[in-house]
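In the order they appear, the protein sequences are chains A and B.
Here the first sequence is numbered in UniProt numbering, starting from 1 and rising by one per residue.
Here the second sequence is numbered in UniProt numbering, starting from 1 and rising by one per residue.
A virtual CB, placed ideally from N, CA and C, is assigned to each residue, including glycine.
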Amino acid sequence: MTTITPATEEDVLEAVQWALSEETPVEVLGQGSKRAIGRFVQTEHAIDVSRLSGVTLYEPEELVLSATAGTPLAEIEALLGQHGQCLQFEPMDYGPLLGGEPGRGTIGGVLAANLSGPRRLKSGAARDHILGVRVVSGRGELFKSGGRVVKNVTGYDLSKGMAGSWGTLGIVTEVTFKVLPAPETETTLAIRGLDDEEAARAMAIALGSSGEVSAAAHLPVTVTGKVIGGALSGKASTLLRLEGFAPSVRDRTAKLKALLRPAGDIDEIAEAQSRQLWREIRDCLPFADGTGRCVWRVSMTPMVAHKMVAALRLGAGVDAFYDWQGGLVWLRMEADPEPLALRRLIAHFGGGHATLVRAPAAMRAAIDVFEPQPPALAVLSQQLKHQFDPKGILNPGRMAAGS
Amino acid sequence: MSGLTMPKADSNTLSRRAEIVADLRDIVPGEGVVDATNEMRVFESDGLTAYRQLPLVVVLPQTVAQVSRILKYCHANDIRVVPRGSGTSLSGGALPLEDAVLLVMSRFDRILEIDYANRVAVVQPGVTNLGITRAVEHEGFYYAPDPSSQIACSIGGNVAENSGGVHCLKYGLTANNVLGIEMVLINGEVIRLGGKHLDSEGYDMLGLMTGSEGLLGVVTEVTVRILQKPETARAVLIGFPSSEAAGQCVADIIGAGIIPGGMEMMDRPAIHAAEDFVHAGYPLDVEALLIVELDGPEIEVDHLIAMVEAIAGRNSATTCTVSQSEEERMAFWAGRKAAFPAVGRISPDYYCMDGTIPRKELPKVLAGMRELSEKYGLRVANVFHAGDGNLHPLILYDANLPGELEKAEAFGADILRLCVKVGGVLTGEHGVGVEKRDLMPEMFNETDLNQQIRVKCAFDEKHLLNPGKVFPQLHRCAELGRVHVHRGQMAFPDIPRF
Chain A
1 MTTITPATEE DVLEAVQWAL SEETPVEVLG QGSKRAIGRF VQTEHAIDVS
51 RLSGVTLYEP EELVLSATAG TPLAEIEALL GQHGQCLQFE PMDYGPLLGG
101 EPGRGTIGGV LAANLSGPRR LKSGAARDHI LGVRVVSGRG ELFKSGGRVV
151 KNVTGYDLSK GMAGSWGTLG IVTEVTFKVL PAPETETTLA IRGLDDEEAA
201 RAMAIALGSS GEVSAAAHLP VTVTGKVIGG ALSGKASTLL RLEGFAPSVR
251 DRTAKLKALL RPAGDIDEIA EAQSRQLWRE IRDCLPFADG TGRCVWRVSM
301 TPMVAHKMVA ALRLGAGVDA FYDWQGGLVW LRMEADPEPL ALRRLIAHFG
351 GGHATLVRAP AAMRAAIDVF EPQPPALAVL SQQLKHQFDP KGILNPGRMA
401 AGS
Chain B
1 MSGLTMPKAD SNTLSRRAEI VADLRDIVPG EGVVDATNEM RVFESDGLTA
51 YRQLPLVVVL PQTVAQVSRI LKYCHANDIR VVPRGSGTSL SGGALPLEDA
101 VLLVMSRFDR ILEIDYANRV AVVQPGVTNL GITRAVEHEG FYYAPDPSSQ
151 IACSIGGNVA ENSGGVHCLK YGLTANNVLG IEMVLINGEV IRLGGKHLDS
201 EGYDMLGLMT GSEGLLGVVT EVTVRILQKP ETARAVLIGF PSSEAAGQCV
251 ADIIGAGIIP GGMEMMDRPA IHAAEDFVHA GYPLDVEALL IVELDGPEIE
301 VDHLIAMVEA IAGRNSATTC TVSQSEEERM AFWAGRKAAF PAVGRISPDY
351 YCMDGTIPRK ELPKVLAGMR ELSEKYGLRV ANVFHAGDGN LHPLILYDAN
401 LPGELEKAEA FGADILRLCV KVGGVLTGEH GVGVEKRDLM PEMFNETDLN
451 QQIRVKCAFD EKHLLNPGKV FPQLHRCAEL GRVHVHRGQM AFPDIPRF
């Protein structure tokens, strides 16, 4: 396998035009930190954009940052941190879950995988913060979309179109994100000992209050010991994060505690440990167990997620925990990944989708890693792919067989 | 119509009008099909009233099945379709075409489900923006995006235009507050994107649909996120001796880590027009006025107001008043909210523009606008969503004076060119429509535009949905589909040379 490592946008353009003229498909790579997600891409050549690295514009007071696609996420987060800002969508790090190093990955990969984190339920995902892109399409053409201002409706939002496209529509060469102030402080309330259903109710009460909860997770008793060095082991933990200016956080903490006292015993987790806790939940650390056991990432209606899990347990060995008030379920399968049973249950409980984020390559080739789409939508997706990459040279088959 | 070229009407469609009307009546019986000229008159323009055109026929379906059958019929018979919500577009997005069916979604006006535990509402597209808030406010919730037309504009139209409002720096645009839609494709197929879950699956079709201005499909159901109302809100009214000082104050507020719920700026002409009209108590001896609204828990609001006051003081503010009651807060906003009609009082007509600029370029853009104002001999007043750089210059003119509308439009186009030149964009929230269509090449080159049109091709290969909007030229999909391979031009004997 030959890997082409372009150092400039022009090089990327030339590389894609070469692939097009040779009609040879290529794998599109940054640092390869999420390479094990999706269907296995079998190509003779790869285009690795990790040399396309560097922040090209950062104006904290304008709330914008632009960087070339191969810029390490860690570098961007460090720079933002120096100015008291952050990517508010809290992009997760798949490294530990997939058996890799933590702290790797590029900003281009953040967009291509549409990453997010616990703050998803309040602040959205990468797609909600992307302002502009420069892209080399599978047609070997360089186009731009969006801009560098935070409010813009000029033309179709092709920047969002790149979100979650896993390198199958084009090779993003530069991104512009909206950046926002990092919260001054945070604290977490942990209600102890609730079952999944009670936890769903408690989280709904918290999120329906004026407490401005910025993250809500539930760790059942089998999982709760696997975060912050075992400090929460013993009893299930329902976790609510409060962020912002210190006086506000103190005030909301007190009010929320009073509101939720009838639900159960409440512990308070202070700033430093709270940050660590949500990083570990964000990165699905409880299932970063060094094994290859299958892990599903399920997005569904928050309040019914626990019912889906309970029903799934009737027929399969499964460990689970919940983020986004239940809207995100992480499932680790003890044996068979049970794709059909799982997807049938998600559909039964109001719809959503499941992605098989960790599984051996052979299994990822045999099972739909991403949720199969109904026929009319699948046709539309194929048509969209065709309009960006008519010869199918970019990451062929990564999202679906034959695409 | 000043120099706007619309797609040539299809003579075959025009000659078959009676037959088309009859076929549509088969699909939508009763009063759902309107073909009498006097009854179609109310639909001949949207919020951009300078442009008017009677449609071929108006159809007002009531069910998804009807929408599906109408589109399938039009697709099979090569008939153009212009979708319309409440018709409040300020860019001519719902302007009818002589040979197109006007598909009016206003009878889809039901709220289907309110789910407080999951904090979502499922509504039909004809429900008004404010109608959603009205339906949930008794439980302490609201729908965040608040375009100024919110009393009338429909949520389906909001999806088509990706509508914003004064609170969107903190709470996002429509795209950030819509979780799912059901829509009908031009071939009649009904698809669902997203739902009550947070991430939609596969390609971000929802992201592409939001802000696509009716060119990709017709929305038949919308699932929106509803939010808990902030505990309290207070506003600070700050006057400055220069727009530079006001701009620096905004930068410093954001630099201090504060994202206000709303942050609006007005220039001297806008302040005077508003004060004369509503007597909001605005200072008249300032060059720029800033309204900063902080919302959230009371303790937080108090904390932030103290910070904002200190920052204003450091930026040579000449007046700084904090609202002490809900009445006073509303009074601060009254002037800003009445800015458009206030300008309407001092001029027979005004033309509202909608560029976005990097905020730091504001003084340069205002200076450029003053020069243009002299060049064209027309006055201009400015209101500005200061937090996100979205500028609304109001050009004052008199449509009864020959040539003055054209002059105002040319002035507006020059303002937008200036916005793009300093790193901004043509439209922050009003959409491209017909109004800014021919300016698209100022911002995008041919390759950029062609890739956007290819998205259109993925959804609507025959270009039947809302043609003549957004794109100056809609190239045929077959033409755009060709791949130009530069074979042989770049031999790659030494791949690792990169």
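Burial state of E19 of chain B is exposed, judged by a 10 Å Cβ sphere holding fewer than 16 other Cβ atoms.
If only uninterrupted beta strand (DSSP E) runs of at least 3 residues are considered, those enclosed by the segment 263–310 of chain A are 265–269 and 295–300. Put simply, the CB of P393 of chain B is far from chain A, with every gap to its CB atoms at 7 Å or more. Positions of the alpha helix (DSSP H) runs, each at least 4 residues long and wholly inside the segment 302–388 of chain A, are given as 305–313, 339–348, 361–366 and 375–388 in order along the chain. Taking 7 Å as the cut-off, the Cβ atoms of L342 of chain A and A354 of chain A count as close. Taking C-alpha positions only, L260 of chain A is separated from A246 of chain B by approximately 43 Å. L240 of chain A is outside the set of residues whose beta carbon lies under 7 Å from a beta carbon in chain B.
A contact is defined here as three or more CB-CB pairs under 8 Å, and the segment 189–197 of chain A fails this definition with respect to the segment 94–109 of chain A. Going by DSSP, M263 of chain B is part of no alpha helix (DSSP H) but of the beta strand (DSSP E) stretching over G262 to D267.
CA-to-CA, the gap between M92 of chain A and T185 of chain A works out to about 20 Å. Considering only beta carbons, the part of the segment 222–237 of chain B lying closer than 8 Å to chain A consists of Q228, K229, P230 and E231, in chain order. No Cβ of chain A is located within less than 7 Å of the beta carbon of P147 of chain B. Take the alpha-carbon of P375 of chain A and the one of L193 of chain B: they are about 13 Å apart. Rounded to whole angstroms, the separation of the alpha carbons of A36 of chain B and E298 of chain B is 57 Å. The DSSP assignment places complete alpha helix (DSSP H) segments of no fewer than 4 residues inside the segment 167–228 of chain A at 196–207, in order along the chain.
Nearest neighbour of V369 of chain A by Cα position, chosen from A:L340, A:H386 and A:V379, turns out to be A:L340. Going by DSSP, K160 of chain A is part of the alpha helix (DSSP H) stretching over L158 to M162.
Residue state for D26 of chain B is assigned as helix, using DSSP reduced to three classes.
The three-state secondary structure of V34 of chain B, taken from DSSP, is strand.
Residue contact check for N466 of chain B against chain A: no CB pair falls below 7 Å.
In this structure, DSSP gives R437 of chain B a helical state, which the three-state scheme calls helix.
Proximity of S210 of chain A to chain B, defined by a Cβ-Cβ separation below 7 Å, is satisfied. F459 of chain B: member of the alpha helix (DSSP H) spanning E446 to F459, first to last residue. By the neighbour-count definition (other C-beta atoms within 10 Å, threshold 16), A206 of chain A is a buried residue. Counting C-beta atoms within 10 angstroms of its own C-beta, T168 of chain A has 16 or more neighbours from the protein chains shown and is therefore classed as buried. Per DSSP, the unbroken beta strand (DSSP E) holding R234 of chain B starts and ends at T232 to F240. By the rule that beta-carbons nearer than 7 Å mark a contact, R364 of chain A does not touch chain B.
Neighbourhood of I299 of chain B in chain A, by CB distance below 7 Å: P247, S248 and D251, in chain order. For the 7 Å CB-CB criterion, G214 of chain B and N466 of chain B form a contact.
For L169 of chain B, the enclosing alpha helix (DSSP H) covers residues C168 to Y171.
By the criterion of at least three beta-carbon pairs nearer than 8 Å, the segment 278–290 of chain B is not in contact with the segment 201–216 of chain B.
If you compare the alpha carbons of A:T3, A:K151 and A:L331 with that of A316 of chain A, the shortest gap goes to A:L331. Within the segment 160–176 of chain B, the residues whose Cβ lies closer than 8 Å to some Cβ of chain A are E161, N162, G164, C168, L169, G172, L173, A175 and N176, listed in chain order. Per the DSSP secondary-structure output, P83 of chain B pairs in a beta bridge with B:L103. Around the beta carbon of D11 of chain A, a 10 Å sphere encloses 16 or more other beta carbons of the protein chains shown; the residue is thus reported as buried. DSSP places Y350 of chain B in the strand class (E or B) of the three-state scheme.
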